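Below: one structure, written as structure tokens.
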Amino acid sequence: MPKIELATEINPDKKVVFDLSRSIKNAASIYWKTNSICH
């Protein structure tokens, strides 16, 4: 755990990019699920 925190302190941009990509993937999966239900 401390290693991850240390890495994010050194390079916080990587965590932001990771969180962003993860949220985009979640949104995409939700979008496709709702789309398949509607059609």
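In the numbering used here, the protein residues as written are 140 to 178. We treat Cβ as the ideally placed atom computed from N, Cα and C, and that holds for glycine. This one's a predicted model, so the numbers in the text were calculated from it and none came from an experiment.
Rounded to a whole number of angstroms, what is the C-alpha to C-alpha distance between I176 and S162? 21 angstroms
Could you tell me the alpha carbon to alpha carbon distance between N174 and S168, rounded to whole angstroms? 10 angstroms
Where K154 and K164 are concerned, what is the direct C-alpha to C-alpha distance, given to the nearest angstrom? 15 angstroms
Who are the near neighbours of K172 in its chain, counting only those whose CB is closer than 7 angstroms to its CB and skipping five residues on each side? none
Roughly how many angstroms lie between the CA atoms of I158 and Y170, to the nearest whole one? Reading off the sequence, residue 158 comes out as Asp, not Ile. Near 18 angstroms, if we compare the C-alpha coordinates of Y170 and D158.
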